[in-house]
Structure formats: C-alpha cells, structure tokens
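Engineer: This structure is in structure tokens; I'll ask about it shortly.
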C-alpha cells in the first residue's frame with residue numbers, strides 16, 4: 001500500500017485483504033462485484049512552502065498572530081465606538097454611525113479569530129495525512145443484553161407492568177396534560193364570535209358614508225371626477241376604540257369613476273354603481289394584499305404582490321394571475337345631501353379564501 | 001452704495017462713545033445697529049428694484065392671459081401637435097385636448113413626454129423639445145380652449161409643507177405604484193409608474209391634478225392643494241435625506257436586497273468555504 005509515502009507513525013490504512021477475509025465466511029446473497037473498488041492509498045505527500053522555507057514559515061506565523069491582534073483591536077474598537085458614537089434620541093444618523101462602527105469592530109474581532117485559526121491550521125500545523133477508522137455505531141451484544149436486563153429489572157421492581165391501575169392512570173394524566181393548551185389557544189381568538197362570522201362581515205352598513213382615508217371626510221358624488229381613484233374607509237372608523245386596524249383591513253375600498261358606458265354590470269348589479277362611480281373591496285381575493293394599482297385608461301387593477309389583475313369595467317373579474325374570485329363590489333348610492341353611502345355590507349366575504357369559503 | 005460706504009467710513013471715530021453708551025443702556029441696541037439697518041434698507045431697496053425691473057421684462061414675454069401668448073401658442077400647436085391632436089385640438093389620432101388645462105400641457109410637454117417619440121405602452125420621458133417659454137405659450141393656448149386645471153402657484157410646489165402628513169398621504173394614495181420611497185414600479189403590459197426622484201414639484205403637482213396616461217386623477221377634493229404640497233415636501237425630504245438604515249440599493253425593496261445578499265453574501269461564504277477546505281500550498 002501507499003504507506004511508505006507517509007512519514008506519519010500513527011497511520012492505519014484500510015487493508016483490502018482484511019476486508020475480503022471478513023466477507024469470505026458468509027457472503028449470503030450479497031453481491032460481490034468483481035471490479036471491486038481498490039483502496040488507492042494516499043496521494044504522495046506534498047510538502048508546503050512553509051515546511052521547506054523557514055522565511056515563509058516565519059511570515060505565515062506573523063500573519064496568524066497579526067490576525068489575532070487585529071481581532072483584539074476590533075474588540076477594543078467596538079467598545080470604543082459604542083462610547084464615541086452614542087445613540088442619541090431622535091437622531092437616526094447617530095444610530096446609523098453607531099451601528100456601522102460597532103459593526104466594523106465586531107466583524108474585525110470575529111473574522112480575525114476565524115481567519116487566523118484557519119490560516120494557522122492550513123499553513124503551520126502539521127500537514128501529514130492520516131486515517132481515523134470509523135467505529136461501528138451499535139454497541140456490543142453484551143452491552144445490549146445489559147441494557148435489556150436493566151429495563152426488565154426496573155419494570156419488575158417498579159411493578160409498571162403488574163400494577164395496571166397505576167400505569168393506566170399515569171398514561172391518562174399524560175394524555176390530559178396538553179388539553180389546557182388547546183383551550184388557551186382558542187382563547188386567543190375572539191371569544192364571543194365565530195371566526196367565520198367575523199370574516200364574513202365588515203363595518204359597512206346600509207347608509208354608512210364613504211369617507212376619505214385617512215382624514216375621514218365624507219365624499220360627495222360630485223367630487224369624484226372621471227378617472228379619479230379615491231381610497232375609502234367607512235365613516236366612523238377613526239372613532240372606533242378597539243380593532244380599528246382589523247376593521248380597516250376588511251372594509252378598505254377603492255372608489256373609481258369611469259364613463260358609465262364603459263361599465264358592464266352583471267345581472268342584479270345594475271344599481272350598485274352611481275353614475276359611473278364604482279366601489280370595490282381593496283383586499284385581494286388571493287392572499288389579501290391591497291389591490292390599488294389602478295390604471296385609469298385600461299381600467300385594470302393590479303395587485304402588487306402576485307400580479308393578479310382585475311377588470312374594473314367587468315365587475316372586477318380576474319383577467320390574470322393567481323386570484324380565483326372577482327373583487328367583491330360594495331353597492332353604493334347617494335343620500336339626500338349628495339354624499340356617497342353604502343347600500344349594504346358586501347354581499348360576500350372580502351379577501352382571501354378560508355375554511356368554509358373557497 | 002456710496003452713502004453706505006461713507007457711513008461705514010465715518011464709523012470708527014465715534015464707535016467708542018457709542019459702545020460706552022450702549023453698555024450703560026444694558027445692551028438694548030448694538031452700536032452697529034444703525035449702520036446695519038441702513039445697509040439692510042439699501043440692499044433691500046436695490047434688490048427689490050432689480051427684481052421688479054427684470055421681472056417686468058420677463059412678464060411681458062409670458063403673460064399668461066395675453067392674446068399674444070395664446071396666438072404664439074396656437075402657431076406652435078398647429079406646427080407640432082396638430083397631426084395627432086387635430087388643428088383645433090379637437091382630437092384626431094390622439095385625444096382631444098379641449099378642457100385638459102394648462103397643467104396637463106405643462107406636464108406632458110415640460111417633461112418631454114409630448115411630442116411623443118413613438119407609439120408604445122406609454123409616453124416616455126425625454127429631454128423637453130421646447131423652451132420653458134414655448135411650453136407656457138402652448139399651455140395657455142390649450143387652456144384658452146376650455147377650462148381645466150391651471151399650473152400650480154409656487155408656494156404649493158416648493159416643498160415647504162408638512163413632510164409627515166405628506167408621507168401618510170403618499171403611502172395611502174401613491175406608494176402602491178410609485179414605491180414608498182418614490183423609486184417607481186412596474187404596471188401591466190409594459191406600463192410602469194416612473195420614479196419620482198429628480199422630478200420638479202410643479203410636475204408632480206400637475207401629474208396629481210391631471211392624471212397623465214394611466215395614472216388616476218387626484219383632484220383637489222380628494223387630496224387638497226395643501227395635502228399635495230405636503231406630498232411634494234415628503235418626496236423632497238426622501239430625496240434630500242440619506243437612508244438611516246445604510247445602503248438604499250435603489251430603494252427597490254426586497255428584490256434588490258435579496259439579490260445582493262444571494263449573490264455577494266452567499267458568494268463570499270462559498271469562497272471562504274473553498275479557501276478553508278483547499279489544501280495549503
């Protein structure tokens with residue numbers, strides 16, 4: 001074998017004849033390929049420049065300890081930078097400087113140790129090749145037998161198999177233990193309402209005025225000129241004390257005005273628009289991103305997350321992308337003072353699919 | 001000027017006396033206050049005269065309502081725009097321009113979008129083809145054809161508003177297309193929302209009022225003129241202030257950041273791994 005190439009003493013090369021001997025007795029059904037891979041042994045040992053040239057060795061040594069000193073410098077600098085560049089309140093520029101200089105120090109400290117150690121190992125530590133023989137994973141039969149014996153003895157002494165009432169009550173206790181978690185996690189959801197119910201309804205009611213986001217100013221039909229897009233929330237959203245964001249996330253609406261002749265309302269929806277003004281849910285039916293990229297000439301609405309496209313002139317039907325359902329339309333009308341109001345809530349749940357809604 | 005200098009020259013002689021007196025009067029008036037006031041008055045008067053005299057010359061050339069301006073604009077229009085928009089702006093291959101207002105023309109021609117270079121998903125920005133004065137003449141000619149949004153006043157577009165309010169309105173109304181930092185973004189079928197960096201306040205305002213191409217209209221009842229001023233202020237703020245979080249990478253968000261970390265971050269990890277496992281020379 002190639003053992004002579006290695007000056008190492010602790011070398012144990014895998015011996016092919018040894019392996020063959022072990023298999024010779026009981027091959028069973030095992031297939032022994034005739035062109036079995038032969039252990040090629042080691043490549044000839046190639047000394048490094050640092051092994052041969054003392055100057056290079058000195059230089060490598062210098063590099064390694066310089067890297068370690070750099071690391072010390074980095075650590076000290078990180079501490080100094082933390083004090084030199086304090087994070088003053090209300091100044092984002094100071095935070096930026098602090099992060100940058102502390103970061104440079106810590107980076108230097110860690111990389112210095114890492115690169116130094118690797119360079120040390122590669123250029124100065126011994127480069128002799130050697131083999132560590134892999135040991136079998138399983139224990140010896142005697143140890144296995146011992147473990148079985150311990151288990152058997154423990155069972156006998158504790159009476160685990162004999163005292164069935166105790167054993168079964170213990171199993172019962174262990175099974176019951178996770179049950180409180182189920183109840184506690186259910187408690188994280190709204191208590192007195194069914195989630196399906198909550199997802200199916202929004203703040204919009206008959207007569208709720210359409211108001212501007214974020215000011216809450218009610219919108220007159222005459223304010224909405226052709227080609228306009230208004231970002232709308234229901235009246236009273238700003239006054240809500242709890243769950244304002246949850247309500248906004250369901251009730252957000254995009255209001256657009258087209259030429260009335262460009263709208264093709266579906267049967268039953270003829271009176272849901274007012275003089276070319278239409279209101280659609282802004283929540284994408286795919287995974288709930290706000291669909292608000294409105295192109296006023298093509299009348300297409302684009303969802304920025306996954307490029308679903310909806311055609312406003314055709315009831316916001318999906319014309320491209322992963323969304324499966326059209327955007328729900330909010331039926332609107334005008335009240336006595338000329339303000340836009342909702343005729344009712346959406347007639348279907350807004351947003352993405354959920355259980356019991358596909 | 002000569003008066004100014006003579007006063008300054010006569011100053012040192014009685015300065016000491018003045019200073020003593022002023023000290024006794026518990027510093028209510030600085031000894032140089034009189035001189036400073038005089039100088040300020042002179043500079044102000046002179047400056048105002050210069051501004052007014054030069055302004056009157058400029059005004060004569062581009063008086064918005066003057067018949068001459070409109071006539072000049074009409075000539076320019078018929079020579080450069082009538083092929084598509086019709087001889088009387090009634091529309092031909094292109095849309096009718098009656099009632100689009102001066103703001104629309106100032107935006108489209110002032111940013112170089114019109115005259116359009118070629119048909120495509122949308123008209124692209126290029127160096128303006130007309131001088132500022134010609135743009136104004138065209139704008140007031142088109143404005144004379146029918147009422148429409150006018151070019152905004154200077155105080156609305158100089159960025160002197162409330163950047164925080166502007167930021168909120170921008171996030172609600174504009175950011176979905178133009179990116180939260182105004183870096184622009186893609187739309188459908190080759191169209192895109194352009195980046196807003198380097199766009200003048202006047203053009204941003206006019207774009208909001210007129211809704212050029214596929215951009216929706218944001219009239220004054222949707223976003224009030226003061227709110228529009230705040231949005232312009234926010235855009236100027238974003239442009240003038242460096243990002244506190246380090247490299248902006250074009251403010252394009254997760255795509256640019258992910259690309260950088262995947263290519264350079266993982267690349268350097270691979271390189272270090274190769275170095276660690278390679279045999280030393």
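Residue numbers (our numbering), protein chains in the order written: chain A, 1 to 358; chain B, 1 to 281.
We put the beta carbon where it would ideally sit given N, CA and C, even for glycine.
Of all the residues that make up the stretch 93-125 of chain A, which are near chain B by a beta-carbon distance shorter than 7 Å?
Structural biologist: 93, 95, 96, 118, 122 and 123
Engineer: Quick one: grab the DSSP three-state call for residue 334(A).
Structural biologist: strand
Engineer: By DSSP, does residue 295(A) sit in helix, in strand, or in coil?
Structural biologist: strand
Engineer: Could you check how far apart the C-beta atoms of residue 253(A) and residue 330(A) are, in whole angstroms? I think they sit under 8 Å.
Structural biologist: Rounded to whole angstroms, the Cβ separation of residue 253(A) and residue 330(A) is 5 Å, and the two are in contact under 8 Å.
Engineer: Among residues of its own chain, excluding the 5 on either side of residue 276(A), which ones have a beta-carbon nearer than 8 Å to its beta-carbon?
Structural biologist: Cβ within range, chain order: 226, 257, 258, 259, 260, 262 and 263.
Engineer: Using the DSSP secondary-structure output, state which residues sit across from residue 256(A) in a beta bridge.
Structural biologist: For residue 256(A), DSSP records a beta bridge to 229(A) and 278(A).
Engineer: Mind checking whether residue 202(A) and residue 235(A) have CB atoms under 8 Å apart?
Structural biologist: no
Engineer: So which of 182(B), 206(B), 97(B) and 201(B) has the shortest CA-CA distance to residue 192(B)?
Structural biologist: 182(B)
Engineer: Evaluate contact between the stretch 168-182 of chain B and the stretch 219-236 of chain B, counting only Cβ atoms and requiring at least three cross-stretch pairs below 8 Å.
Structural biologist: yes
Engineer: Rounding to the nearest angstrom, what Cα-Cα distance links residue 276(B) and residue 122(A) in this structure?
Structural biologist: Rounded to whole angstroms, residue 276(B) to residue 122(A) spans 8 Å at the Cα level.
Engineer: Along chain B, in chain order, which residues have C-beta atoms closer than 9 Å to that of residue 296(A)?
Structural biologist: 211, 213, 214, 215, 216 and 217
Engineer: Provide the residue(s) that pair with residue 357(A) in DSSP beta bridges, ordered along the chain.
Structural biologist: 354(A)
Engineer: Distance cutoff 8 Å, beta carbons only. Does residue 386(A) sit that close to anything in chain B?
Structural biologist: Only positions 1 to 358 of chain A appear in the structure, and residue 386(A) is not among them; the question remains open.
Engineer: In chain order, what residues of the same chain lie with their CB nearer than 6 Å to the CB of residue 105(B), ignoring the 5 residues before and after it?
Structural biologist: 138, 139 and 142
Engineer: Strictly below 8 Å CB to CB, what residues from chain E border residue 244(B)?
Structural biologist: Reference to chain E is not applicable here, since the protein chains of this structure are A and B.
Engineer: Report the neighbours of residue 176(B) on chain A: residues whose CB is nearer than 7 Å to its CB, in chain order.
Structural biologist: 290, 292, 293 and 304
Engineer: Could you confirm whether any beta carbon from chain B is found closer than 8 Å to the beta carbon of residue 62(A)?
Structural biologist: no
Engineer: Tell me where the beta strand (DSSP E) around residue 320(A) begins and ends.
Structural biologist: 317-320
Engineer: Please report how far the alpha carbon of residue 4(A) lies from the alpha carbon of residue 71(A), in whole angstroms.
Structural biologist: Residue placement at residue 4(A) is flagged as unreliable, the pLDDT there being 41, under the threshold of 50; a coordinate-derived value is accordingly withheld.
Engineer: Could you tell me whether any Cβ in chain A is nearer than 8 Å to the Cβ of residue 233(B)?
Structural biologist: no
Engineer: Let me know the secondary structure DSSP gives residue 329(A) once reduced to three states.
Structural biologist: strand
Engineer: Which residue marks the beginning of the beta strand (DSSP E) containing residue 212(A), and which one marks its end?
Structural biologist: 210-212
Engineer: My output table needs one value for residue 323(A): the three-state DSSP class, helix, strand or coil.
Structural biologist: coil
Engineer: Could you tell me which of 219(A), 125(A), 282(A) and 270(A) sits nearest to residue 250(A), measuring between CA atoms?
Structural biologist: 282(A)
Engineer: So residue 360(A) is in the beta strand (DSSP E); what residue range does that whole segment cover?
Structural biologist: Lying before the first or after the last residue shown, residue 360(A) is absent from chain A, which here runs from 1 to 358.
Engineer: Would you verify that the beta carbon of residue 136(B) is, or is not, closer than 8 Å to some beta carbon of chain A?
Structural biologist: no
Engineer: So, residue 308(A) versus residue 288(A), is the Cβ gap smaller than 8 Å?
Structural biologist: no
Engineer: Can you tell me which of 300(A), 46(A) and 54(A) puts its alpha carbon nearest to the alpha carbon of residue 188(B)?
Structural biologist: 300(A)
Engineer: From residue 350(A) to residue 199(A), what does the alpha carbon distance come to, in whole angstroms?
Structural biologist: Rounded to the nearest angstrom, the two C-alpha atoms are 8 Å apart.
Engineer: At a CB distance below 7 Å, what residues from the stretch 215-239 of chain A approach chain B? Give them in sequence order.
Structural biologist: 223, 225, 227, 228, 229, 230 and 231
Engineer: Within the same chain, show all residues whose beta-carbon is closer than 6 Å to that of residue 82(A), passing over the 5 residues directly before and after it, in chain order.
Structural biologist: 102
Engineer: On the DSSP bridge list, what partners appear for residue 212(B)?
Structural biologist: Residue 212(B) pairs with nothing; no bridge assigned.
Engineer: Measure the alpha-carbon distance for residue 115(B) versus residue 178(B) and round it to whole angstroms.
Structural biologist: 24 Å
Engineer: Please return the same chain residues whose Cβ sits closer than 7 Å to the Cβ of residue 224(A), not counting the five positions on each side in sequence.
Structural biologist: 230, 255, 257 and 277
Engineer: Taking the straight line between their C-alpha atoms, what separation do you get for residue 110(B) and residue 327(A)?
Structural biologist: 38 Å
Engineer: Could you check which residue in 198(B), 204(B) and 151(B) has the C-alpha nearest to that of residue 174(B)?
Structural biologist: Residue 174(B) has its Cα closest to that of 204(B), out of 198(B), 204(B) and 151(B).
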